[in-house]
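Residue numbers (our numbering), protein chains in the order written: chain A, 1175 to 1451; chain B, 1175 to 1451; chain C, 1175 to 1451; chain D, 1175 to 1451. We put the beta carbon where it would ideally sit given N, CA and C, even for glycine.
4 protein chains.
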Amino acid sequence: MCRWLAYTGTPVLLDTVLYKPVHSLIDQSLHSRMGVETTNGDGFGIGWYAPDNDTPAVVRDTGPAWSNCNLREIADHVRSPLFFAHIRASTGAPVQQTNCHPFRHGRWMWMHNGEITDFHQRRRDLALAVDPALFLDIKGSTDSEMMFYLALTFGLEQDPPGAVARMAGVVERTGHDHGVEFPLHMTVAVTDGQQTWVFRYSSQGASGSLYYSTQVEALRALHLDVEFLQEVSDETRLIVSEPLGDLPGVWNEVPESSYGVVRPGGDTLLPFAPQPV
Amino acid sequence: MCRWLAYTGTPVLLDTVLYKPVHSLIDQSLHSRMGVETTNGDGFGIGWYAPDNDTPAVVRDTGPAWSNCNLREIADHVRSPLFFAHIRASTGAPVQQTNCHPFRHGRWMWMHNGEITDFHQRRRDLALAVDPALFLDIKGSTDSEMMFYLALTFGLEQDPPGAVARMAGVVERTGHDHGVEFPLHMTVAVTDGQQTWVFRYSSQGASGSLYYSTQVEALRALHLDVEFLQEVSDETRLIVSEPLGDLPGVWNEVPESSYGVVRPGGDTLLPFAPQPV
Amino acid sequence: MCRWLAYTGTPVLLDTVLYKPVHSLIDQSLHSRMGVETTNGDGFGIGWYAPDNDTPAVVRDTGPAWSNCNLREIADHVRSPLFFAHIRASTGAPVQQTNCHPFRHGRWMWMHNGEITDFHQRRRDLALAVDPALFLDIKGSTDSEMMFYLALTFGLEQDPPGAVARMAGVVERTGHDHGVEFPLHMTVAVTDGQQTWVFRYSSQGASGSLYYSTQVEALRALHLDVEFLQEVSDETRLIVSEPLGDLPGVWNEVPESSYGVVRPGGDTLLPFAPQPV
Amino acid sequence: MCRWLAYTGTPVLLDTVLYKPVHSLIDQSLHSRMGVETTNGDGFGIGWYAPDNDTPAVVRDTGPAWSNCNLREIADHVRSPLFFAHIRASTGAPVQQTNCHPFRHGRWMWMHNGEITDFHQRRRDLALAVDPALFLDIKGSTDSEMMFYLALTFGLEQDPPGAVARMAGVVERTGHDHGVEFPLHMTVAVTDGQQTWVFRYSSQGASGSLYYSTQVEALRALHLDVEFLQEVSDETRLIVSEPLGDLPGVWNEVPESSYGVVRPGGDTLLPFAPQPV
């Protein structure tokens, strides 16, 4: 399993979000409190959007995030209005760059915590369900990347919630066909650089933890002394696998079987269910 | 493309073959003379058989062989009667451990120089031709590993030359179906730890170079002063992508469209042709 | 801080000691119970003696041991009568191969858990105390390697316990000169391939944990069902940072301020104190 | 030896300079024409200045630049008005991140091609000449980093040309004291983020190649069709180990025993000689 974080809002140094918080993602790489594993040391990745380029930058490496000097350098020098960060605890697929999140396709990025049950046994069937033209772009061997390409196959670029629902439907059907009771566990974030969608779902109703930050306007009233809150816009939002600290009123659980849309003009939280294909 | 070497005979320190020769494989990683590329710096691998274990050890890494300290250490301390070594120059697939040769399946090892033309476009079709039960064990994304699993699908463990011929047949047919004139270029080595088979073939009749060493008995007469020749058995044999030095009479070209079998009791060289499946 | 293990006795597959035990060193890399840190993921190393070579092989890498495929391969195929293994949790020095243990000088190997307090500030003074001819061979930037070269300077190859005592003396004096109350914390293992010396000492009398295994003869009577004990000689011995499992009667604490000598013909345990130079 | 490049001028995507040119630095990592080695595959580094941060970002890695995905990503997404890039061919020091260029101290960056003759033997003496307070910050084991810290010791931050001259003086004296005829070969670039100084010198008068680009104003007249030249300011300048292409009139050799200053308001080229300390 893994831990991840999605930021969208006023452009900030990645450091502000990745390293500064008390229980930052980098701290979680050594001391996760809510993950299946305490240690998330099987690689990491960051993806960020830069001016004048629709395609996000994706930097990934196979060692632990906590000791990676290059991540530290980038975080200290790169600002972005929308970025993903992910630390990996492998559930079996090799520790290699092509298995690190986020995954990218054109201007889209995808990251995931969870697993497809018995993915090793399901891999071929699911690969066959991927659009042959898209199949060529699969680079690694994780269930997470396969889920991304299934979602792309089912229309991610036109209808993200629908495509993710159809992806989940195929994964569940494939599992059930082989007698797996609970085929899917996932928290997913996906973005096109403008809007970000996050999903929390598991067949068993026992998904990995997922939290979103309270509206900045409300937080400012609560925490007059937190400088960061004075600097960022009202529309700034963080979605995280686990809270980055203990500041009261900041973190709200994303409910089971739901998804959120983070976008300029107002975020929404809606129910999610897999959709048969 | 790549360079490789297969040793079989009297157990020797890997160093004797990997580092000692004038134009050793390690030297070839920086200064290949006959390869498509001068530099073979996209990872390397060694595989060796040890006493009391049918399964070979396979050690691979993603950096260049020429600067790898661990390879140097292993070569100085491990003896083996049968080992493979490979240095990689990627033709597109990512530089990662799971794409380094040799590949292993049970007691079998496989390594390759060459390519399936437009492999990226053929990957899905060829993957579908692999036995579904074997498909699960594919770890990387190279054409070389796919060829191994196709050969396993077509009976490598029972009839190596036949299985490789059928693999080549499928690769050629798949290419021809998509208008590729010359779908396959390969020099391959495969072993079960007892016998070793090597193949040189390309659709165009222009395969990568491949050489085998002259029988030790004859070499001893030629080169009385070469200590190594006094120490190894008559049945010791080296197969290499390019000669390891300029000693006269040592190296013989494996002819186009042929394969060799190296085994206790006498080696053989025979014609090779793809076989329709 | 770190965790380590030294084996000496009947030649065994490294796997038997490195991976097989319930709370193996590989398990400790993720879940150390007695170390300062739970996670020891900042590189690892193994060093082993092979037949016909006085110089040990030393294989080290910068990623976590728990996911390293090459370590797994070597452990499954290499047998040795005397080997060291070490997993690292950096106390500041960069995560790089030259900072991984064990360190080697000629036929000698050294590994360490602990630290020289404020080593960064002491580094120059201690470097000046190293024999200039030996200084040239220092490859990395850890306190551990510096301790090794100080011990070599003070006669490690002639009198290991005396040389380590003098090294500790210099480290303590250098610390005290700068107002450091407790300059040294160490558990150290050092070997020449024949004998192994282990040391447990800290200025504060609060050293890292260290255990030695009970004599095999006694263990056999206790644990008739443990196959391993039937296979190894009476003189087989393990020294470990923390016990590899919960088998009763196996593990004995090395007392504070003491050192042990493991050698053919009978091991000994003696008091240790730094010696002024 | 190595190859390097320094850019200063209108902020550009790193890609424009690192990958786009015909004989780019990335191409030189595989096919250097003027270097001592054809292949520069022993690590690489880039350093760039970003808005709102005096300290440059430094990203380095140990593999070859030609296959590094993260370098490609950064180059496609980061713009900077002043950056260094370096590809390494080790002359003996280990391939590790702390030995990759550029080196950084506060807001200063340093990179080097060349060597201190017999550096291994000179290392201790030169280390003793470094200011003890600065010594603590030396992270790696190269001659290049030692030269940087010697220059810092001799006043780099106040008087770069003078400090580099004194560094060269100490290196030459130390070599001559041990009977080395030609102790120093160097091309060096150093910057504080505002100005950049480049040096070409060797004791033997046979330094590595070094070129600077012609003034943009003159180039525009010559090459009306080169879009890049229309976009960048008159003060844009490139200093490179070897030309990035064959465009006539672009590249001018930095003469032996000279140094250049690149700064807003007008660049200068002056004679250089080591200075006794």
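For a cut-off of 8 Å, the C-beta gap from residue 1383 of chain B to residue 1416 of chain B is around 6 Å, short enough to register as a contact.
Residue environment: residue 1380 of chain B is assigned as exposed (fewer than 16 neighbouring CB atoms within 10 Å of its CB, all protein chains considered). Taking 8 Å as the cut-off, the Cβ atoms of residue 1438 of chain B and residue 1409 of chain B count as close.
Within chain D, the C-beta atoms nearer than 9 Å to that of residue 1236 of chain B come from 1237, 1241, in chain order.
Neighbours of residue 1271 of chain D across chain A, judged by C-beta separation under 8 Å: 1243.
Contact check for residue 1296 of chain D against residue 1290 of chain D passes: the beta carbons are separated by less than 8 Å. Any Cβ of chain D closer than 8 Å to the Cβ of residue 1227 of chain A would place that residue at the interface, and such an atom is present.
Ranking B:1285, B:1190, B:1378, B:1329 by CA distance to the CA of residue 1447 of chain B puts B:1378 first.
Within the region 1267-1351 of chain C, the runs of alpha helix (DSSP H) at least 4 residues long that lie entirely inside it are, in chain order, 1293-1303, 1306-1309, 1317-1327, 1334-1351. Assignment of residue 1384 of chain B by DSSP, reduced to helix, strand and coil, places it in the coil class.
Taking C-beta separations shorter than 6 Å and ignoring five residues to either side along the sequence, the partners of residue 1412 of chain D in its chain run 1181, 1387, following chain order. The beta carbons of residue 1201 of chain D and residue 1264 of chain D sit about 20 Å from each other, so the pair does not count as a contact at 8 Å.
Around the beta-carbon of residue 1442 of chain D, fewer than 16 other beta-carbon atoms lie within 10 Å, marking it exposed. If one requires a minimum length of 3 residues, the beta strand (DSSP E) runs lying completely within the region 1242-1266 of chain A are 1253-1262, in chain order.
For residue 1298 of chain D, at least one C-beta of chain C is nearer than 8 Å to its own C-beta. Rounded to whole angstroms, the gap between the alpha carbons of residue 1269 of chain A and residue 1184 of chain A is 33 Å. Only those residues of the region 1305-1335 of chain D whose C-beta falls short of 7 Å from the nearest C-beta of chain C are listed: 1306, 1309, 1310, 1313, 1315.
In the DSSP assignment, residue 1432 of chain D forms a beta bridge with D:1374, D:1445. Per DSSP, reduced to three states, the secondary structure at residue 1411 of chain A is strand. Our two residues, residue 1308 of chain C and residue 1345 of chain B, have alpha carbons roughly 58 Å apart in a direct line. In this structure, residue 1407 of chain B places its C-beta atom within 8 Å of the C-beta atom of residue 1390 of chain B. The three-state reading of DSSP puts residue 1204 of chain B in helix, counting H, G and I together. Assignment of residue 1356 of chain B by DSSP, reduced to helix, strand and coil, places it in the coil class. For the region 1282-1294 of chain B, the set of positions with a beta-carbon nearer than 8 Å to some beta-carbon of chain A reads 1294 in chain order. Judged by DSSP in its simplified three-state form, residue 1177 of chain D adopts strand. DSSP, reduced to helix, strand and coil, places residue 1427 of chain D within a strand of the structure shown. By DSSP's assignment, residue 1234 of chain C forms a beta bridge with C:1219. Below 8 Å, enough C-beta pairs join the region 1312-1324 of chain C and the region 1266-1281 of chain C to call them touching: three or more. Inter-residue distance for residue 1245 of chain D and residue 1208 of chain D is about 24 Å (C-alpha atoms, whole angstroms). The beta carbon of residue 1268 of chain B falls within 8 Å of a beta carbon belonging to chain A, placing the residue at that interface. In summary, no residue of the region 1371-1394 of chain A has a CB separated from any CB of chain C by less than 7 Å. The straight-line gap separating the alpha-carbon atoms of residue 1450 of chain D and residue 1241 of chain B is approximately 37 Å. Annotation: Cβ neighbours of residue 1232 of chain C in chain B (cutoff 9 Å, chain order): 1243, 1244, 1247. Under the three-state reduction of DSSP, residue 1229 of chain A is assigned to strand. In this structure, DSSP gives residue 1418 of chain D a state outside helix and strand, which the three-state scheme calls coil. Under the three-state reduction of DSSP, residue 1212 of chain A is assigned to coil, being neither helix nor strand.
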